[in-house]
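Q:
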Amino acid sequence: MADTLTLTPAAAKRVAAIAQKQDRPAILRLSVEGGGCSGFQYKFDLSSAPEGDDMVSETAGVRLVVDPVSLDLVSGSTVDFVESLGGAAFRVENPQAAAGCGCGSSFGI
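Residue 96 in full-length UniProt numbering sits at position 96 of the sequence shown, with consecutive numbering throughout.
#1: Using the Cβ count rule (16 or more neighbours within 10 Å means buried), how would you classify Ser77?
#2: Leaving out five residues on either side along the sequence, give the residues of the same chain with a beta carbon under 6 Å from the beta carbon of Arg24.
#3: Which residue or residues does DSSP assign as beta-bridge partners of Lys43?
#4: Please list, in chain order, all residues of the same chain as Met1 whose beta carbon is under 6 Å from its beta carbon, the five residues on each side excluded.
#5: Given this structure, state the Cα-to-Cα distance separating Glu83 from Pro9, to the nearest angstrom.
#6: According to DSSP, simplified to helix, strand and coil, what is Phe72?
#7: What does the alpha-carbon distance come out to for the pair Leu64 and Pro95?
#8: Look up Met1 in the DSSP assignment and say whether it is helix, strand or coil.
#9: Am I right that Ala16 and Asp80 are in contact with their C-beta atoms under 8 Å? What's the rounded C-beta distance?
#10: Taking DSSP as the reference, what is the three-state secondary structure of Arg14?
Rendered as structure tokens:
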């Protein structure tokens, strides 16, 4: 399994719009924390800069950064931004997740 992450063009566009409104760099940080319905949960934040040991992926000038500990749990994932009648949200398609929940923000391995 490769230590790669993909940020879709839809997600990159949304991050760029949010970053511009907040006058911040277009850098989305994905991290994993304990908790949530299924054991782990995804956390998204805007970051001012990548840390030295972060994995960095770039799409359309927007960077996605992940720390090494979180990368072990999300390697190979795709981060997308989806809009539906129920709302709009960033969604992680994680091939390592053995279980998920209805909210889409937590997973189990």
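By construction, the Cβ of each residue, glycine as well, lies at the ideal position given by its N, Cα and C atoms.
A: In terms of the structure at hand:
#1: Flag for Ser77 reads buried.
#2: Excluding residues up to 5 positions away in sequence, Leu46 lie with their Cβ nearer than 6 Å to the Cβ of Arg24 in the same chain.
#3: Partner residues in the beta bridge of Lys43, as assigned by DSSP, are Ser31.
#4: Any reading at Met1 is ruled out, since the residue's pLDDT is 38, under 50, leaving its predicted position unreliable.
#5: If I take the Cα positions, the gap works out to 14 Å.
#6: Rather than Phe, the amino acid found at residue 72 in this sequence is Asp. Of the three classes helix, strand and coil, the one that applies to Asp72 here is helix, per DSSP.
#7: CA-to-CA, the gap between Leu64 and Pro95 works out to about 18 Å.
#8: Note that Met1 scores a pLDDT of 38, beneath 50, so its modelled location is shaky; the value from the coordinates is reported in the next line. Here Met1 sits in coil by DSSP.
#9: Wrong, their Cβ atoms sit about 15 Å apart, outside the cutoff.
#10: Of the three classes helix, strand and coil, the one that applies to Arg14 here is helix, per DSSP.
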